[in-house]
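As you go down the protein sequences, you meet chains A and B in turn.
When we follow my numbering, the leftmost residue of the first sequence carries the number 155, and every step to the right adds one.
When we follow my numbering, the leftmost residue of the second sequence carries the number 2, and every step to the right adds one.
Even for Gly, the Cβ is constructed at its ideal location relative to N, Cα and C.
Since the structure comes first, as structure tokens, the remarks are kept for the end.
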Amino acid sequence: MSEPLTVAMPKGRIFEEAVELLREAGFPLPPEFDDSRKLIVDANEADLRFILAKPMDVPTYVEHGVADLGVAGKDTMIEEERDVYEVLDLNISECYLAVAGLPGYEKSDINPKVASKYPNLATQYFKEQGEQVEIIKLNGSIELAPLVGLADRIVDIVSTGRTLRENGLVELETIVPITSRLIVNPVSYRMKDTRIDDLVERLAKVVEEDDE
Amino acid sequence: MSKPFMFEKPVGMRDTLPAYYQTKNKIRQRMKKEIDSWGYVPIETPALEYYDTVGTASAILDQQLFKLLDQQGNTLVLRPDMTAPIARVAASSLKDQAFPLRLSYHSPLFRAQQKEGGRPAEFEQMGVELVGDGTSSADGEVIALMAATLKKAGLQDFQIAIGHIGYVNALLLDVVGSEERADTLRRYLYEKNYVGFKQHVKSLPLSSIDEKRLLGLLQLRGGAEKLNDAQELVQNGDAAQALHDLHQLFDVLEAYGVSEHIKLDLNLVMHMSYYTGVVFEGYGSKLGFPLSSGGRYDELLQKFHRPARATGFGIRLDLLVEAVGETEGLPQQTCILFSKERRKEAIKEAAQLREDGRSVVLQDLQGVENVDELSEAYEEVYYFIGKKQGGSSHE
């Protein structure tokens, strides 16, 4: 057998859910992967190798071809605009992107500001709404921004809404639903097409069964 | 921005140092020899063109163009591809030459600067344009030449995916009925977003048969046998024509003996409007980015007022060198080290060796900082040092 297929994934829950899908699709993966500190995990029997990366970086690894495939949230796909194939909706880690702010928020007339981890996506969204806002990029704990007056609204991922509620914020607008996607490098998609098509097909079956 | 350090270059610009130059040059020579041997004549065009002519006619998106202003305030672009300039030349300076024209080029191209590595603002491309020939033989010739050129460059393991935009358009239009709706679906393919394509198809008010036909498009990749599946999905005149083209093309490619490198991929949409027929893209196993691309662009020449059918390809030399992955050593050189008493003798000896085809460095001993280091850098060193007449010490 040739080199293993390489799959880039975020650590943690998404990794576990994606691995479970692969098991259901009949890939012989070990029941447990030892130690979470490793960045590269081999599953020799299934001829797969996993690269564990930051969620936002997964499309980068795949675009540059160091990973043949990847599991990336739709949010990172919109934000990063990488040149990769988005072949399958895995329907895992469902959430959505939303605009949130303090209760009783009213549109400010003076240079309204929006804080987000997704500056490109937020810019695009407000442009489509015909609203002129200034975007401030933050790397985490976005909820802080309206509380301390850095911005009057935020654009962020919402799954249960608990983080918003705990910080006294309310959701103002829903932007787009998000799920994790299976993405493929354009060269791997051609050079390793038989193996990739097989993997995609088997995963598609599992995902669609879950759907019904 | 702060003032650049003196060693800095503008973003996206690269130096070519001697070892890399040797590697690139060797590959370039082999490729050029192959292209020349197929009867394509090289041309050069200026680095700067008008935005309103070549800039807008080019397949490169507006935001990717490297733009500047000239003294009169005209917007200029640094040549983003060679196809549009060649179309300009074919329609003007070469307008009295009968079609078909077979032209080749290798030249630096430019793109808007980007901060991320691996996206140079200047890179070299080598390619051909076959202008004024609409036959499948022409499509096949260009693809076979691209394969031959990649092979000559030293690339062992590569694939070329072939699509046909005429087929995609025919199928989409046949199912959804309007250009506008077809355009939405085409954009999903262009963006490589198959998930979006599937979701959009499911949201359309279509019969389950029509839905299956659209989703079936995504399965149309693999060997030539997929052309039969393609025929099942749509039977109108445009689709039949496109499939006829592809059948012919696969015959041509078989005759050229390159079938092992060819795969059908009818989802390949490389541009929203530029290409008009067969499109193709080349990939090597060692690099994550496509190395080369091309296709039929039958509507470009009329923008320059000499309508003609045309096809061509371009190979990114920077990416190809990475994909080939071998580096050449520097060329073997001889050094003659002399002191000024024997300069004349040394010059004469150098001339003789150069006559014999050697590459000879002639170096005055007084100009050398470290003789040991210098002599180590050369394959052989002749010493013409001291007052001694005749003969030469040789190491």
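query = Which residues in chain B sit within 9 Å of M210(A), going by Cβ to Cβ distance?
reply = Simply none; closest approach about 14 Å.
ask   = To the nearest angstrom, how far is it from the Cα of P19(B) to the Cα of P81(B)?
value = 26 Å
Within chain B, the residues that Y239(A) reaches when beta carbons sit closer than 7 Å = K193, Y195
Below-8 Å beta-carbon distance, N339(A) vs any chain B residue = yes
message = So if DSSP puts I163(B) in a beta bridge, which residue, or which two residues, is it bridged to?
response = L265(B), F281(B)
ask   = So is the beta-carbon of L69(B) under 7 Å away from any non-hydrogen atom of the ligand MG?
value = Only the bare structure without any ligand can be found here, which leaves the ligand MG out of the picture.
Coil, strand or helix - M231(A) by DSSP = helix
ask   = Using a Cβ-Cβ cut-off of 8 Å (strictly less than) and excluding sequence neighbours within five positions of L250(B), which residues of its own chain qualify?
value = S137, D140, G141, I144, I163, V279
request  = Could you pull out every unbroken beta strand (DSSP E) segment of at least 3 residues lying fully inside the segment 149-216 of chain B, listed in chain order?
outcome  = 159-165
task = Please report the Cβ distance between R310(B) and G133(B), rounded to the nearest whole angstrom; I am assuming they are in contact, meaning their Cβ atoms lie under 8 Å.
result = 7 Å
inquiry  = Taking the beta strand (DSSP E) that M127(B) belongs to, which residues open and close that run?
reply    = 123-132
task = Anything in chain A within Cβ reach of K264(B), meaning under 8 Å, just list it in chain order.
result = R344, D347
message = Going by the DSSP bridge assignment, what does E325(A) pair with across the sheet?
response = A254(A)
Pair within 8 Å by beta-carbon distance, I308(A) and V268(A) = yes
Minimum length 3: unbroken beta strand (DSSP E) runs contained in the segment 309-336 of chain B = 311-317
message = With H, G and I counted as helix, E and B as strand and the rest as coil, what does DSSP make of S294(B)?
response = strand
key: For Y239(A), three-class secondary structure by DSSP   = strand
query = What did DSSP end up calling S94(B) once you bin it into helix, strand or coil?
reply = coil
key: Neighbouring residues, chain B, relative to R335(A) (Cβ below 7 Å)   = V196
request  = Run through the segment 268-324 of chain A for me and flag every whole alpha helix (DSSP H) of 4 or more residues, listed as ranges in chain order.
outcome  = 273-282, 298-302, 316-320
query = Between the C-alpha atoms of V1(B) and Q23(B), what's the straight-line distance to the nearest angstrom?
reply = For residue 1(B) there is no data in the structure shown, the boundaries of chain B being 2 and 396.
query = Taking Cβ-Cβ distances shorter than 7 Å, what residues in chain B pair up with E282(A)?
reply = Going along chain B, no residue has its Cβ under 7 Å from E282(A), so there is no contact; the nearest lies around 15 Å.
query = Using DSSP with H/G/I as helix, E/B as strand and the rest coil, what is M147(B)?
reply = helix
ask   = How many whole angstroms separate the CB atoms of V354(A) and L242(A), which I take to be in contact at a CB cut-off of 8 Å?
value = 6 Å
ask   = Taking the alpha carbon of S270(A) as the point to measure from, which residue in E233(A), E285(A), R356(A), A207(A) has its own alpha carbon closest?
value = E233(A)
request  = Kindly indicate the opening and closing residues of the alpha helix (DSSP H) around P209(A).
outcome  = First-last for P209(A): undefined, no H or E at that position.
message = Please report the straight-line C-alpha distance between K193(B) and L186(B), rounded to a whole angstrom.
response = 11 Å
key: Bridge partners - A7(B), DSSP secondary structure assignment   = Per the sequence shown, the amino acid found at residue 7(B) is Met instead of Ala. In DSSP, M7(B) forms no bridge with anything.
task = Could you tell me the distance, in whole angstroms, from the CA atom of P308(B) to the CA atom of R355(B)?
result = 52 Å
key: Minimum Cβ-Cβ distance from E217(A) to chain B less than 8 Å   = yes
request  = Pull out every residue of the segment 190-204 of chain A whose Cβ sits closer than 9 Å to any Cβ of chain B, in chain order.
outcome  = none
key: Cut-off 7 Å between Cβ atoms - residues of its own chain near L244(B), not counting five sequence neighbours on either side   = Y168, L228, A231, Q232
Exposed unless 16 or more other CB atoms sit within 10 angstroms - verdict on D365(B) = exposed
message = Does Y384(B) come out as helix, strand or coil in the three-state DSSP assignment?
response = strand
ask   = Name the DSSP bridge partner or partners of L49(B)?
value = L79(B)
inquiry  = Relative to the C-alpha of L1(B), which candidate in K388(B), Y298(B), G387(B), Y383(B) has its C-alpha closest?
reply    = Since the first and last residues shown for chain B are 2 and 396, residue 1(B) lies out of range.
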